[in-house]
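Residue numbers (the working numbering): 17 to 164.
All residues carry an ideal CB built from backbone N, CA and C; glycine is no exception.
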Ligand code: HEC
């Protein structure tokens with residue numbers, strides 16, 4: 017007759033090991049931040065004003081960052097670095113609108129501030145994420161490693 021594979025003592029040990037591993041994983045997950053590796057992601061005065069304007073004019077009713085927002089217009093996460101677009105392109109549309117986007121009567125100064133805000137957002141990462149750099153414990157090492 018063979019002995020039972022796991023005695024109560026074994027089970028208790030395995031349980032405690034799993035609890036300990038859960039603790040270790042939790043600590044690592046909550047203490048390892050995703051880096052924003054780009055200085056431009058730091059907001060300057062213009063981009064702070066731009067963020068306020070973006071809220072004031074409710075751009076988010078139609079636009080998304082990282083896929084979240086309204087869906088009448090395109091995602092703006094990387095509009096200031098997208099091929100064929102960029103800061104001047106964005107400013108032009110913000111000032112003059114298009115057939116599908118209403119011009120809201122912003123001043124050139126206000127448009128510059130919003131573009132500064134869009135550039136700060138752009139520097140935080142790329143959307144959609146094309147290259148996921150994960151740590152072994154499942155957090156992002158960085159979301160800004162994409163070759164653009
Ligand atoms: C009523 C919905 C609506 C609002 C509000 C709106 N937009 Fe738009 N926006 C659009 C649409 C639709 C387009 C696409 C225009 C086109 O292709 O003709 C667009 C295009 C853009 C583009 C060019 C994006 C690209 O990738 O080509 C930028 C930049 C932009 N909007 C910025 C803004 C900002 C900043 C605000 C707030 C001041 C704003 N929009 C408010 C609907 C809106």
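Within the DSSP bridge table, the entry for residue 150 names 156 as partners. For residue 61 and residue 75, the gap between their C-alpha atoms comes out near 20 Å.
Between the stretch 36-49 and the stretch 102-122, the count of C-beta pairs closer than 8 Å stays below three; the two stretches do not touch.
Exclusion of residue 80 from the 7 Å shell around ligand 1 follows from its C-beta lying no nearer than that to any non-hydrogen atom of the ligand. Rounded to the nearest angstrom, the gap between the Cα atoms of residue 87 and residue 104 is 23 Å. The stretch 89-109 makes contact with the stretch 136-148: 3 or more CB pairs, one atom from each, lie closer than 8 Å. Rounded to whole angstroms, the gap between the alpha carbons of residue 85 and residue 126 is 21 Å. Listed in chain order, the non-local C-beta contacts of residue 82 below 7 Å within the same chain comprise 93 and 143, local neighbours out to five positions each way being set aside. For the pair residue 66 and residue 132, the CB atoms are nearer than the 8 Å cut-off.
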